[in-house]
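Numbering (this note's numbering), first residue to last: 1 to 258.
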C-alpha cells in the first residue's frame, strides 16, 4: 500500500516532467522522497501504531464471574512446505499465549471458563485456522471441553457476527476479547456493533524502528496500521450507507472488571 502510493507519485512526477511541467515534477518528486523517508525511517508508522495500541498496552485485570468466555481471534496459518503441518502465524502465537494465560487465571477463580476460537479458512489451506489453534490450545493445557471453534468467518466483521451466536447461547457474565494490539480498536468496534462489550486483551504489540536509514519493516508496519484505519473508516462509511449487517442494540451483559 505504501509502496503503491509512492510508486504513483513517482509516475506522476515522471509524467509531469515529460509534459514539460518541471516545477510540478520536482514538487511531486520532493513529496515522494519526503514521504518515503517519513515512512521508511519510522516516524509515520510509529505515530500510527501508537494511536492504535496505546490504549491497550496494559494487561487487563479481569474480575472473573461464574460464567466466562474468552474470544480468541484468528491471525492466519502457515506451513513451511506443501506437506508440512499447518501452524499459527507469527501474530497468532501471542494471541494464543494470552488466551491460555487468561484461561488459567479464570480457572483459578473457580468459574466456568470457555475459549471461543473464531476463524475460518480465509487462506484456503484446507483447514480452518480456529481448528489449528484449538489443537495448540489443547496441547498447552486447555481442557478440550472448554474449547469451541467457529470455522466460517473470513474477516473481523464476521468474527464478531458469528461470535454473537455463541454469546446468546452461553450468556457469559464476563467476556474477554483477545487479538493483536493493533487490531483491537477495529475488533472492538465490530463486536460493539453486535451488542457485545468485551474486555480488550492484547496478545502482541509492534513498534517501528526510528533511525536515519530506511527500513523495509517500517513500510510493512505502516501498511498494517493503514489497513486497520481503513477498516475503521470503512465500517463508518458502510454504517452511514446502511450496508452493515443490522446491529444488536445494547450490551448483552456488563463485562466484569475490577
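Think of the CB as a built atom: it goes at the ideal place given N, C-alpha and C, for glycine as much as any other residue.
Asked                                                                                                                        : Found
Reduced DSSP category for residue 206 - H, G, I as helix; E, B as strand; rest coil                                          : coil
Inter-stretch contact (C-beta, 8 Å, three-pair minimum) for the segment 179-198 and the segment 154-167                      : yes
Ranges of the beta strand (DSSP E) found wholly within the segment 141-175, counting only runs of at least 3                 : 147-150
Same chain, Cβ closer than 8 Å to residue 42, five either side skipped, listed in chain order                                : 208, 209, 210, 211, 215, 218
Pairwise C-alpha distance: residue 204 and residue 117                                                                       : 17 Å
According to DSSP, residues forming a beta bridge with residue 118                                                           : 73, 150
Residues sharing a beta bridge with residue 86, DSSP                                                                         : According to DSSP, residue 86 bridges with nothing at all.
Rounded straight-line distance, which links the Cα of residue 170 to that of residue 30                                      : 57 Å
Proximal residues to residue 193 (C-beta, below 6 Å), its chain only, five neighbours per side dropped                       : 247
First and last residue of the uninterrupted alpha helix (DSSP H) at residue 45                                               : 43-53
Inter-residue CB distance, residue 71 and residue 198 (contact presumed, cutoff 8 Å)                                         : 7 Å
Local Cβ density within 10 Å of residue 237, reported as buried at 16 or more and exposed below that                         : exposed
Burial state of residue 145, where buried means 16 or more other Cβ atoms lie within 10 Å                                    : exposed
Whole-angstrom distance between residue 175 and residue 62, CA atom to CA atom                                               : 9 Å
Residues of its chain near residue 106, where Cβ-Cβ distance is below 6 Å and the 5 sequence neighbours each way are ignored : 64, 68, 113
As assigned by DSSP and simplified to three states, the class of residue 257                                                 : Below a pLDDT of 50, predicted positions are generally treated as unreliable, and residue 257, at 41, falls in that range; no measurement from the model is reported.
DSSP state of residue 68 mapped onto helix, strand, coil                                                                     : strand
Proximal residues to residue 89 (C-beta, below 6 Å), its chain only, five neighbours per side dropped                        : 75, 76, 78
Cβ shell of residue 40 (< 7 Å), same chain only, five flanking positions each side left out                                  : 214, 215, 218, 219
Beta-carbon proximity of residue 130 to residue 119, cut-off 7 Å                                                             : yes
DSSP-derived helix/strand/coil call for residue 201                                                                          : strand
One or two residues paired with residue 78 in a DSSP bridge                                                                  : 87
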